[in-house]
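S.K.: Questions regarding the structure given below will be posed in turn.
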Amino acid sequence: MFECPDFFTLREGGEHYLKVSTMPSHRDYIIYGSYQLNTTTNQYVFVEDPTRSFTFVDYGPFYAAKTFYDPILNRRTMWGWTKDELSNEQITANGWSGVQNLLRTMVYDRTEKKIKTQPVPETRGLRLDKLVDLKGVAVTETPTEIIASNTNNTLYHEIVARFTLADPTTFSAAATYTSDSDVPEVGVMIRANADLSQYTNVSVRMPGGGPSALQSTEQVETYPPIKVFAGSSAANCSAECNKTRLCESYTFWEMDNTCKLYWKTNPMGPKADATSGTVREPLLYLGRARSGTIGSTAPLHGRAPFATATPNGFELHIFVDDSVLEIFKDEGLETLTGRLYIDNGADTTGIAVYARNAGAVTVDVEVYTMDTIWKAPTPNAVKNFTNSLYTLLDTLIDV
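Position one of the sequence shown corresponds to residue 480 (the working numbering), numbered consecutively onward.
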């Protein structure tokens with residue numbers, strides 16, 4: 480089901496965009512196109528551009544977004560909603576669910592041909608102390624500690640890490656990675672404890688597998704497909720997946736010439752007439768297997784190729800806000816939101832950088848502590864008395 484539609488234009492001019500939310504994926508999409516006059520009906524209609532549609536707004540639980548036009552600063556902004564990644568029982572026990580995301584600006588990138596979103600510049604006003612400002616730090620398989628756990632009294636950090644690879648071809652579309660330990664990966668460990676036995680990793684990495692399709696294999700659906708169509712061959716199915724920017728994997732069934740495209744990769748199972756494969760492109764990746772969260776530990780990810788402007792590296796801009804993570808790659812070309820629920824808060828405030836199977840890598844990194852958006856309440860004797868009176872009345876009614 481489609482819901483929460485939002486039809487808008489951006490200041491670059493000349494084009495219109497449709498944002499929709501879909502229940503099966505619990506994600507928000509952007510559809511690209513233009514608002515044109517149909518000379519036959521003499522009515523204006525939205526004409527989609529299939530070469531660019533669709534793209535996800537965010538690769539995590541970012542949903543029901545609404546855009547707003549700011550006439551003073553001549554910009555369009557977006558506010559999204561992030562649900563809890565907890566069980567229904569945990570959510571019910573909490574008594575409430577979901578939070579608003581950071582307000583984002585929206586800009587169309589003509590080179591990458593997609594909308595990018597990133598926090599409004601006003602969020603810089605929340606920066607308190609600059610804890611780290613390092614240049615040219617060597618990044619290796621052994622994590623390099625940037626901030627030791629339990630050395631500052633906040634869970635709230637803003638991290639800007641700009642990675643440079645001496646040889647970006649280590650992220651090879653032609654290579655086959657037979658195990659997770661073979662995959663090239665560069666990123667940041669956050670919410671880490673002292674010995675790095677507990678952490679959450681934010682990274683850019685290649686997917687497992689290789690360019691060759693898996694014969695006699697189908698995906699056992701845990702996640703629904705984003706597109707189903709009659710395909711002429713497995714090669715045709717693979718090509719469509721590569722072209723569709725939401726798609727990470729595909730399965731083609733020869734018996735009925737059916738192709739299914741998926742925005743995640745499901746578990747694989749045997750099927751005589753089926754062929755499956757994955758897109759050979761880097762992923763923006765949030766790993767929570769060792770996070771210590773009491774919520775979902777499933778990874779979140781989506782396609783995130785190196786940007787044309789920075790072919791030798793990428794930037795990760797990360798906001799750590801207690802239970803909410805918001806991640807922006809390359810000024811918001813790709814974004815990912817996730818949730819963490821960690822009990823031992825002060826013991827897991829460490830930050831480190833790492834690289835695996837990626838050759839020589841360096842990083843420039845800045846880390847800030849963040850202030851709250853909430854102002855301390857102004858003392859008000861009348862309000863305090865009124866609140867106390869209502870509390871007393873509630874107690875008497877309950878009795």
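We put the CB at the ideal spot given by N, CA and C, even for glycine. Computed from a predicted model, the values in this text were never measured in an experiment.
#1: Suppose contacts are defined by Cβ-Cβ distances below 9 Å. Is LEU804 in contact with ILE669 by that definition?
#2: Pull up the CB-CB distance for THR561 and VAL578, whole angstroms please, since I reckon it's below 8 Å.
#3: Measuring alpha carbon to alpha carbon, tell me which of ILE852, LEU875, TRP853, GLY838 ends up nearest ASP646.
#4: Between GLU664 and ILE797, is the Cβ-Cβ spacing less than 9 Å?
#5: Please name the residue or residues paired with MET557 in a DSSP beta bridge.
#6: Let me know the secondary structure DSSP gives ARG603 once reduced to three states.
#7: Report the CB separation of GLY710 from ASN736 in whole angstroms; it is logged as a contact under 8 Å.
#8: Between the alpha carbons of LEU812 and VAL599, how many angstroms are there, rounded?
#9: Which runs of the alpha helix (DSSP H) at least 4 residues long sit entirely within the segment 668–736? Give them in chain order.
#10: Provide the residue span of the alpha helix (DSSP H) that contains GLU845, from first to last.
#11: Does the beta-carbon distance from ARG759 to GLY666 come in below 9 Å?
#12: Within the segment 501–542, note down every full beta strand (DSSP E) run reaching 3 residues or more, in order along the chain.
#13: Can you tell me whether GLY811 is helix, strand or coil according to DSSP?
#14: Reducing DSSP to helix, strand and coil, say where ASP646 ends up.
#15: Within 10 angstroms of its Cβ, does ARG589 collect 16 or more other Cβ (buried), or is it exposed?
#16: Give the range of the beta strand (DSSP E) segment to which GLU564 is assigned.
#17: Can you check whether the CB of ALA654 is closer than 9 Å to the CB of VAL840?
#18: In whole angstroms, what separates the C-alpha of ARG583 from that of HIS505?
#19: My guess is that PRO746 and THR701 are in contact by the Cβ rule of under 8 Å, so how many angstroms apart are they, rounded?
#20: Using 8 Å for Cβ pairs, my map puts VAL844 next to VAL832. What's the rounded Cβ distance?
#21: Tell me the rounded alpha-carbon separation between THR621 and LEU675.
#22: Would you tell me roughly how many angstroms separate the C-alpha atoms of THR546 and THR814, rounded to the nearest one?
#23: How far does the beta strand (DSSP E) with LEU489 in it reach, from first residue to last?
#24: Would you mind working out which of MET502, ARG835, GLN677, SER532 sits nearest SER660, comparing C-alpha positions?
#25: If you compare alpha carbons, which of ASP822, LEU552, GLU591 is closest to GLU601?
#26: Within 8 Å, do at least three Cβ pairs link the segment 728–735 to the segment 508–527?
#27: Flag this pair as yes or no: are the beta carbons of ALA788 and ASP809 separated by less than 9 Å?
#28: Hey, could you find the ends of the beta strand (DSSP E) PHE793 is sitting in?
M.R.: According to the structure shown:
#1: The sequence position of residue 804 within the sequence shown is 325, counting from 1. The sequence position of residue 669 within the sequence shown is 190, counting from 1. Closer than 9 Å, so yes.
#2: Position 82 of the sequence shown, counted from the first residue, corresponds to residue 561. Position 99 of the sequence shown, counted from the first residue, corresponds to residue 578. At roughly 6 Å, the Cβ-Cβ gap stays under 8 Å, so THR561 and VAL578 are in contact.
#3: For the purposes of this step, residue 646 is taken as residue 167 along the sequence shown, with counting starting at 1. Looking at the Cα atoms, GLY838 is the closest of the given residues.
#4: Looking up residue 664 in the sequence shown gives position 185. Looking up residue 797 in the sequence shown gives position 318. No, the Cβ-Cβ distance between GLU664 and ILE797 is not below 9 Å.
#5: In the sequence shown, the residue the question calls residue 557 occupies position 78. Bridge partners of MET557: THR546, ARG583.
#6: Residue mapping note: residue 603 aligns to position 124 of the sequence shown, counting from 1. Looking at ARG603 - three-state DSSP - the assignment turns out to be helix.
#7: Locating residue 710 in the sequence shown gives position 231, counting from the first residue. Locating residue 736 in the sequence shown gives position 257, counting from the first residue. Indeed, because the Cβ distance is near 6 Å, the residues count as touching under 8 Å.
#8: Taking the sequence shown and counting its residues from 1, the one referred to as residue 812 is at position 333. Taking the sequence shown and counting its residues from 1, the one referred to as residue 599 is at position 120. Answer to the nearest angstrom: the Cα atoms are 15 Å apart.
#9: 713–722
#10: Residue numbering aside, residue 845 sits at position 366 when the sequence shown is read from its first letter. Element bounds for GLU845: not the alpha helix (DSSP H) but the beta strand (DSSP E), 840–849.
#11: Counted from its first residue, the sequence shown places residue 759 at position 280. Counted from its first residue, the sequence shown places residue 666 at position 187. It is not a contact, given that the beta carbons lie outside the stated cut-off.
#12: 506–517, 522–527
#13: In the sequence shown, counting from the first residue as 1, residue 811 sits at position 332. Three-state result, GLY811: coil.
#14: Translated into positions along the sequence shown, residue 646 becomes position 167. Coil at ASP646, not helix or strand.
#15: As a first step, residue 589 must be located in the sequence shown, where it is residue number 110. It counts as exposed.
#16: Residue numbering aside, residue 564 sits at position 85 when the sequence shown is read from its first letter. From DSSP, GLU564 is part of no beta strand (DSSP E); its letter is neither H nor E.
#17: Residue mapping note: residue 840 aligns to position 361 of the sequence shown, counting from 1. Residue mapping note: residue 654 aligns to position 175 of the sequence shown, counting from 1. Going by C-beta atoms, VAL840 is not nearer than 9 Å to ALA654.
#18: Reading the sequence shown from its first residue, position 104 is the one you call residue 583. Reading the sequence shown from its first residue, position 26 is the one you call residue 505. Taking the straight line joining both Cα atoms gives about 19 Å.
#19: As a first step, residue 746 is located in the sequence shown; it is residue number 267 there, counting from the start. As a first step, residue 701 is located in the sequence shown; it is residue number 222 there, counting from the start. That pair is a contact at about 6 Å.
#20: Looking up residue 844 in the sequence shown gives position 365. Looking up residue 832 in the sequence shown gives position 353. At roughly 7 Å, the Cβ-Cβ gap stays under 8 Å, so VAL844 and VAL832 are in contact.
#21: Locating residue 621 in the sequence shown gives position 142, counting from the first residue. Locating residue 675 in the sequence shown gives position 196, counting from the first residue. So the alpha carbons of these two residues sit roughly 11 Å apart.
#22: Locating residue 546 in the sequence shown gives position 67, where the first residue counts as 1. Locating residue 814 in the sequence shown gives position 335, where the first residue counts as 1. Between THR546 and THR814, the C-alpha separation is close to 16 Å.
#23: As a position in the sequence shown, residue 489 is number 10, starting the count at 1. Run containing LEU489: none; DSSP gives neither H nor E here.
#24: Here residue 660 corresponds to residue number 181 of the sequence shown, with the count starting at 1. The shortest Cα separation from SER660 among MET502, ARG835, GLN677, SER532 belongs to ARG835.
#25: Within the sequence shown, numbered from 1, the residue matching residue 601 stands at position 122. Nearest option by C-alpha distance: LEU552.
#26: no
#27: Position 309 of the sequence shown holds residue 788. Position 330 of the sequence shown holds residue 809. Yes. Within cutoff.
#28: For the purposes of this step, residue 793 is identified with residue 314 of the sequence shown, where counting begins at 1. From DSSP, the beta strand (DSSP E) with PHE793 extends over 792–800.
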